[in-house]
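Just so you know, the protein sequences line up as chains A and B, in that order. Numbered per my numbering, the first sequence spans residues 5 to 318. Numbered per my numbering, the second sequence spans residues 5 to 318. First the structure, in the form of structure tokens, and then the observations on it.
Protein chains: 2
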Amino acid sequence: MIYKSPSYQKIYVLGAGAVGCFFGGMLARAGHEVTFIARPERSEALNSLGLEMDCKVFHETIQVKASSELSTLKDADLVLLSVKSLDTARTLAQVKSILPSEAVILSLQNGVANIDIASKMIANPVYAAVVYVAAGMIGQSTMKHHGRGELLVGSLGTASPANNENLEEICKLFEGASVPCSIAPQIKRDMWLKFLVNCSFNAISGIGQISYGEMVKSSGIVKMIEEITKEFLAIAALEDVNISMSEALTANDSIATTMVTQVSSTAQDLAKGKMTEIDFLNGYIVELGQRYGVPTPYNQSVYALVKMMESKIK
Amino acid sequence: MIYKSPSYQKIYVLGAGAVGCFFGGMLARAGHEVTFIARPERSEALNSLGLEMDCKVFHETIQVKASSELSTLKDADLVLLSVKSLDTARTLAQVKSILPSEAVILSLQNGVANIDIASKMIANPVYAAVVYVAAGMIGQSTMKHHGRGELLVGSLGTASPANNENLEEICKLFEGASVPCSIAPQIKRDMWLKFLVNCSFNAISGIGQISYGEMVKSSGIVKMIEEITKEFLAIAALEDVNISMSEALTANDSIATTMVTQVSSTAQDLAKGKMTEIDFLNGYIVELGQRYGVPTPYNQSVYALVKMMESKIK
Numbered sequence: 005m006i007y008k009s010p011s012y013q014k015i016y017v018l019g020a021g022a023v024g025c026f027f028g029g030m031l032a033r034a035g036h037e038v039t040f041i042a043r044p045e046r047s048e049a050l051n052s053l054g055l056e057m058d059c060k061v062f063h064e065t066i067q068v069k070a071s072s073e074l075s076t077l078k079d080a081d082l083v084l085l086s087v088k089s090l091d092t093a094r095t096l097a098q099v100k101s102i103l104p105s106e107a108v109i110l111s112l113q114n115g116v117a118n119i120d121i122a123s124k125m126i127a128n129p130v131y132a133a134v135v136y137v138a139a140g141m142i143g144q145s146t147m148k149h150h151g152r153g154e155l156l157v158g159s160l161g162t163a164s165p166a167n168n169e170n171l172e173e174i175c176k177l178f179e180g181a182s183v184p185c186s187i188a189p190q191i192k193r194d195m196w197l198k199f200l201v202n203c204s205f206n207a208i209s210g211i212g213q214i215s216y217g218e219m220v221k222s223s224g225i226v227k228m229i230e231e232i233t234k235e236f237l238a239i240a241a242l243e244d245v246n247i248s249m250s251e252a253l254t255a256n257d258s259i260a261t262t263m264v265t266q267v268s269s270t271a272q273d274l275a276k277g278k279m280t281e282i283d284f285l286n287g288y289i290v291e292l293g294q295r296y297g298v299p300t301p302y303n304q305s306v307y308a309l310v311k312m313m314e315s316k317i318k
Numbered sequence: 005m006i007y008k009s010p011s012y013q014k015i016y017v018l019g020a021g022a023v024g025c026f027f028g029g030m031l032a033r034a035g036h037e038v039t040f041i042a043r044p045e046r047s048e049a050l051n052s053l054g055l056e057m058d059c060k061v062f063h064e065t066i067q068v069k070a071s072s073e074l075s076t077l078k079d080a081d082l083v084l085l086s087v088k089s090l091d092t093a094r095t096l097a098q099v100k101s102i103l104p105s106e107a108v109i110l111s112l113q114n115g116v117a118n119i120d121i122a123s124k125m126i127a128n129p130v131y132a133a134v135v136y137v138a139a140g141m142i143g144q145s146t147m148k149h150h151g152r153g154e155l156l157v158g159s160l161g162t163a164s165p166a167n168n169e170n171l172e173e174i175c176k177l178f179e180g181a182s183v184p185c186s187i188a189p190q191i192k193r194d195m196w197l198k199f200l201v202n203c204s205f206n207a208i209s210g211i212g213q214i215s216y217g218e219m220v221k222s223s224g225i226v227k228m229i230e231e232i233t234k235e236f237l238a239i240a241a242l243e244d245v246n247i248s249m250s251e252a253l254t255a256n257d258s259i260a261t262t263m264v265t266q267v268s269s270t271a272q273d274l275a276k277g278k279m280t281e282i283d284f285l286n287g288y289i290v291e292l293g294q295r296y297g298v299p300t301p302y303n304q305s306v307y308a309l310v311k312m313m314e315s316k317i318k
């Protein structure tokens, strides 16, 4: 190898929700220097109590560094971007002048819009991760892990140079911290497959405050997920992502069977009285549908209902 | 007048929910002999405590008779049929051999299927009432009235002889008890207009446990109600009921503005862990859509979600 290996000494988790705490926590547990950027209440709790990781295969409290000051990002080598999709633009606007130009950004977020948003706002290399993990926060400093926890990483090309050096280093980093991580040659497609699963399950689980396993016991819901999926695939094709119906249904099924007791992040947000990411999930399909003139009644239905439930909590 | 006026000495309320208790209570309050047929818990409460009518313009407790025995119907002159739509067939099968042949049935129920079901099961004259009242039960013996409370009555022709004698008597009875009541020459159309309003509001209010006034503050919901309405009107036309879009939207609007704080009976049922009437509301539109080969995605979405929420409480 002739390239100078990038060394990620200073790792930041920007947005310390369940996903940020799981992956950042795994790195911290493996001995890396990880700082969690969070709102004051959470960063104080993490600093004083540590991050309690209640995982499937271990239960440990990890001493971590946390801060509510974005200015600490000035020495960042790697940033795990794990804020809610609706906070991406605002957060990056705030850190744009603070981030070192060589800092690498890895987006662990839902939806397919974040890489574009980030790449337009900052000059740093931005990579995409497709995250499969079932986890939730309990209180301010406990992360409860329900299952899975692997990463697919890649470059969207337009977003960053097709340079695999960073991706290889990212994989090495996570693999060394017991997080399965591989480079996906077709990351865009993988992102859309994950996005599909989010569109199929998140809203309905949120509307009904119901687990994935319970949801699919209802025959009308299975039918509805199929219709949501059909609309989704028509939009995906227009975005140059071709996924077959059988591949899509397999992806949906695997969630219903591997995450039986999980409720969606949308359900968790609504239960906590927080805004959801629905604008970036079914809402984004509805938006693209309007742009392309393609009807998306099933996506529109669940989108409108989640927005109504958000409006109740405001 | 040369006809012998039918005299409704013995009036029965078959199904003592909020609608039955409001209209039956108004008749009892005006001095009529009214017996409420209900489950043992409710009939015992009504017998011992009376019916507390917490109405917009008065608040009184009325001494009433109640029973859980269907056999008491053997001397019925008039039966206000106010069981849930899903109980119509089962209940009528049980009272078929008990009811005197001249007893008149007035259905105060939601949906448009009950008159047909009743007329096929019993030989008695069955009339339809379109009910506009906002009310709910609190505990076993208190009926809380939120607004309105008028009746449109009529004959569906196929269901009963086009004989207005009974209808005139019914109007006289209710008008004498401070309940506005008129004969609707096009009762089928009025039933479908009420049915439309139920399809527009019941499921969404139930899914979100949200009042009609709050619901329509959400622009996505206003759009969704329009789409539900479009599908509904296409089905109605195939059932020989022609309602224009502007007439339909006016009917929807009038509910959102006259029943601002009301939540639907579907919402009340779900909150109490009871089965809803959704099979006879959006579910019936979905069923007719399948029969006619007309897509009804918006009705199907809210139908599937309410069925899912019912399945949670079973």
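Glycine residues also receive a C-beta, built at the ideal position from the N, C-alpha and C atoms.
Please list the partners that S315(B) has in chain A, where partner means a Cβ-to-Cβ separation under 7 angstroms.
Taking the second sequence and counting its residues from 1, one reaches residue 315(B) at position 311. Those within 7 angstroms of S315(B) in chain A are K221, S222.
Best match in D120(B), V61(B), G153(B) for proximity to F27(B) [C-alpha to C-alpha]
Within the second sequence, numbered from 1, the residue matching residue 27(B) stands at position 23. Among D120(B), V61(B), G153(B), the Cα nearest to that of F27(B) is on G153(B).
Under 8 angstroms Cβ to Cβ from A260(A), same chain only, skipping five residues before and after it: list those, please.
Your numbering for residue 260(A) matches position 256 in the first sequence. Closer than 8 angstroms at the Cβ level, and outside the excluded window around A260(A), lie F205, Y216, G217, M219, V220.
When the Cβ atoms of the region 98-113 of chain B are set against those of the region 54-72 of chain B, are three or more pairs found closer than 8 angstroms?
No, the region 98-113 of chain B does not touch the region 54-72 of chain B.
Helix, strand or coil, according to DSSP, for G35(B) in the structure here?
By 1-based counting over the second sequence, the position of residue 35(B) is 31. Of the three classes helix, strand and coil, the one that applies to G35(B) here is coil, per DSSP.
Chain B contact residues for K311(A), given Cβ-Cβ distances below 9 angstroms:
Here residue 311(A) refers to the residue found at position 307 when the first sequence is read from its first residue. Correct list: S222, S223, G224, I225.
Go through its chain and collect everything with a Cβ distance to A163(B)'s Cβ below 6 angstroms, but skip five positions before and after it.
Your numbering for residue 163(B) matches position 159 in the second sequence. Residue confidence is low: A163(B) scores 46 on pLDDT, short of 50, so the model does not pin down where it sits. Its coordinate-derived value is still stated next. Correct list, in chain order: I119, S123, V130.
Candidates A32(A), G24(A), S159(A), of which the one nearest L85(A) by Cα:
Locating residue 85(A) in the first sequence gives position 81, where the first residue counts as 1. Among A32(A), G24(A), S159(A), the Cα nearest to that of L85(A) is on G24(A).
The beta strand (DSSP E) enclosing L84(B), as first and last residue numbers:
Within the second sequence, the letter at position 80 stands for residue 84(B). Residues 82-85.
Run through chain B and tell me which residues come within less than 9 angstroms of V306(A), C-beta to C-beta.
By 1-based counting over the first sequence, the position of residue 306(A) is 302. Under the 9 angstroms cutoff, chain B gives S305, L309.
On the criterion of 16 or more Cβ atoms from any shown chain inside 10 Å, does Q294(A) qualify as buried, or is it exposed?
As a position in the first sequence, residue 294(A) is number 290, starting the count at 1. With fewer than 16 other Cβ atoms within 10 Å, it is exposed.
Using a cut-off of 7 angstroms between C-beta atoms, extract the partners of Y302(B) located in chain A.
In the second sequence, counting from the first residue as 1, residue 302(B) sits at position 298. In chain order: P301, S305.
The beta strand (DSSP E) with Y16(A) in it runs from where to where?
The residue labelled residue 16(A) in the question sits at position 12 within the first sequence. Per DSSP, Y16(A) belongs to the beta strand (DSSP E) from 14-18.
Give the straight-line distance between the Cα atoms of V99(B) and V83(B), rounded to the nearest whole angstrom.
Translated into positions along the second sequence, residue 99(B) becomes position 95. Translated into positions along the second sequence, residue 83(B) becomes position 79. Cα to Cα, the separation comes out at about 11 angstroms.
How about L156(A) and S182(A): do their beta carbons lie closer than 8 angstroms?
For the purposes of this step, residue 156(A) is taken as residue 152 along the first sequence, with counting starting at 1. For the purposes of this step, residue 182(A) is taken as residue 178 along the first sequence, with counting starting at 1. It is not a contact, given that the beta carbons lie outside the stated cut-off.
Can you tell me the Cβ-Cβ gap for G140(B) and M263(B), rounded? I've got them flagged as a contact below 8 angstroms.
Position 136 of the second sequence holds residue 140(B). Position 259 of the second sequence holds residue 263(B). By a beta-carbon distance limit of 8 angstroms, G140(B) does not contact M263(B). Their separation comes to about 12 angstroms.
Give the residues of chain B in contact with E218(A), contact being defined as C-beta atoms less than 9 angstroms apart.
Numbered from 1 along the first sequence, position 214 holds the residue referred to as residue 218(A). In chain order: M312, S315, K316.
Find the nearest neighbour of M313(B) within the set M195(B), I208(B), G143(B), Q144(B), judged by alpha-carbon distance.
Your numbering for residue 313(B) matches position 309 in the second sequence. Of the listed residues, the one whose Cα sits closest to M313(B) is I208(B).
L90(B) to M125(B), Cα distance in whole Å?
On the second sequence, position 86 is the one that residue 90(B) refers to. On the second sequence, position 121 is the one that residue 125(B) refers to. Taking the straight line from one Cα to the other gives about 14 angstroms.
What do you get for A275(A), buried or exposed, if any count of 16 or more other CB atoms within 10 angstroms of its CB means buried?
The residue given as residue 275(A) occupies position 271 in the first sequence. So A275(A) counts as exposed.
Going by DSSP in three states, A163(B) sits in which element: helix, strand or coil?
On the second sequence, position 159 is the one that residue 163(B) refers to. Note that A163(B) scores a pLDDT of 46, beneath 50, so its modelled location is shaky; the value from the coordinates is reported in the next line. Correct three-state label for A163(B): coil.
So, does the CB of M263(B) fall closer than 8 angstroms to a CB anywhere in chain A?
In the second sequence, the residue the question calls residue 263(B) occupies position 259. Cβ-Cβ to chain A under 8 angstroms: no for M263(B).
Helix or strand or just coil, what does DSSP make of V62(A)?
Taking the first sequence and counting its residues from 1, the one referred to as residue 62(A) is at position 58. First, the amino acid is wrong: residue 62(A) is Phe here, not Val. Residue state, collapsed to three classes: coil.
Considering only the alpha carbon of each residue, which of M249(B), M228(B), I232(B), L18(B) lies closest to V38(B)?
Translated into the one-based positions of the second sequence, residue 38(B) becomes position 34. The residue with the shortest Cα to Cα distance from V38(B) is L18(B).
Straight-line gap, A97(B) to V116(B) (C-alpha atoms, nearest Å)
On the second sequence, position 93 is the one that residue 97(B) refers to. On the second sequence, position 112 is the one that residue 116(B) refers to. One alpha carbon belongs to A97(B), the other to V116(B), and they sit about 19 angstroms apart.
Any Cβ of chain B within less than 8 angstroms of the Cβ of V298(A)?
For the purposes of this step, residue 298(A) is identified with residue 294 of the first sequence, where counting begins at 1. Closer than 8 angstroms: no.
Under 9 angstroms from the C-beta of E231(B): neighbouring residues of chain A
Within the second sequence, the letter at position 227 stands for residue 231(B). By Cβ distance, chain A contributes P301, Q304, S305.
Compare the beta carbon distance of I211(B) and V310(B) with 8 angstroms and say whether it is the shorter of the two.
Along the second sequence, one-based indexing puts residue 211(B) at 207. Along the second sequence, one-based indexing puts residue 310(B) at 306. Result yes, Cβ atoms of I211(B) and V310(B) sit closer than 8 angstroms.
Here's the rule: buried if 16 or more other CB atoms are within 10 angstroms of the residue's CB, otherwise exposed. What is M249(A)?
As a first step, residue 249(A) is located in the first sequence; it is residue number 245 there, counting from the start. Exposed.
Using the three-state DSSP reduction, which class does E281(B) fall into: helix, strand or coil?
Along the second sequence, read from residue 1 onward, the residue named residue 281(B) stands at position 277. Three-state result, E281(B): coil.
So, does the region 229-247 of chain A touch the region 300-310 of chain A, judging by three or more C-beta pairs under 8 angstroms?
yes
Taking just the CA atoms, how far does G287(B) sit from L292(A)?
Counting from one through the first sequence, the residue named residue 292(A) turns up at place 288. Counting from one through the second sequence, the residue named residue 287(B) turns up at place 283. Cα to Cα, L292(A) sits roughly 29 angstroms from G287(B).
Under 9 angstroms Cβ-Cβ, which residues of chain A neighbour I211(B)?
In the second sequence, residue 211(B) corresponds to position 207, counting from 1. Near I211(B) (Cβ distances below 9 angstroms), the residues of chain A are I211, G212, L309, M312, M313.
Determine the closest residue to S222(A) out of F62(B), A308(B), G35(B), S101(B), with distance taken between C-alpha atoms.
Along the first sequence, read from residue 1 onward, the residue named residue 222(A) stands at position 218. Out of F62(B), A308(B), G35(B), S101(B), A308(B) has the C-alpha closest to the C-alpha of S222(A).
Are the CB atoms of A22(A) and I41(A) within a distance shorter than 8 angstroms?
As a position in the first sequence, residue 41(A) is number 37, starting the count at 1. As a position in the first sequence, residue 22(A) is number 18, starting the count at 1. Taking 8 angstroms as the Cβ cut-off, I41(A) and A22(A) do not qualify as a contacting pair.
Among T146(B), I191(B), A138(B), the one whose alpha carbon lies nearest that of T265(B):
The residue you call residue 265(B) lines up with position 261 of the second sequence. Ranking T146(B), I191(B), A138(B) by Cα distance to T265(B) puts A138(B) first.
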